[in-house]
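Under this note's numbering, the first residue of the sequence shown is numbered 921, with each subsequent residue one higher.
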Amino acid sequence: MSDITRIDQNARRSRASVFGDLVFLAGQVADTKTADITQQTKEALAKVDDMLARAGTDKSRLLSVQVWLKTMDDFDAMNAVYDAWVVPGNAPTRACGKVELADPAYRIEVIAIAARR
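Spelled out as structure tokens, the structure:
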């Protein structure tokens, strides 16, 4: 049986959990709450990259991504950043929807699952 590794854990959540060859990322959001969707998307995806690296993998190994947007008006601008970020030929499954985020200043939250091998 595999052990579970939890990365950047507090009493409520871990930012990433590793079980066997799978990495599960919690919702990643921007640092700059006042930024537009382009900048917030760049920052959130940079956090995905960082968490994946800390878990021993990278975005070429993504299996699934969920993108939550504050408003679907941001869909095209978010996709412009996302499409440039995804490794060509390795696009994961993806879902995108409008949700009410925990902090109304956030325009995007990204959740992901990746393989390590």
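Note that the Cβ used here is the ideal one computed from N, Cα and C, for glycine as well.
- Between VAL1001 and VAL1030 the beta-carbon gap is near 11 Å, outside 8 Å, which marks them as no contact.
- In chain order, LEU972 place their CB closer than 6 Å to the CB of ASP978, counting only its own chain and leaving out the 5 sequence neighbours on each side.
- For THR961, the CB contacts under 6 Å within the same chain, skipping 5 residues up- and downstream, are MET998, VAL1001, ILE1028 in chain order.
- For VAL938, the secondary structure class from DSSP, reduced to helix, strand or coil, is strand.
- If the five residues before and after SER984 are omitted, its C-beta is found closer than 6 Å to the C-beta atoms of PRO1012, THR1013, ILE1033, all from its own chain and listed in chain order.
- Apart from the 5 residues on each side of it in sequence, ILE927 sits with its Cβ closer than 8 Å to the Cβ of SER934, ARG935, ALA936, SER937, VAL938, MET971, ARG974, ALA975 in its chain, given in chain order.
- Residue MET992 holds the alpha-carbon nearest to the alpha-carbon of GLU1020 among ALA1035, ARG1036, MET992, ALA1004.
- Spatial neighbours of LEU965 in its own chain (CB-CB distance under 6 Å, excluding positions within 5 residues in sequence) are listed in chain order as TRP1005.
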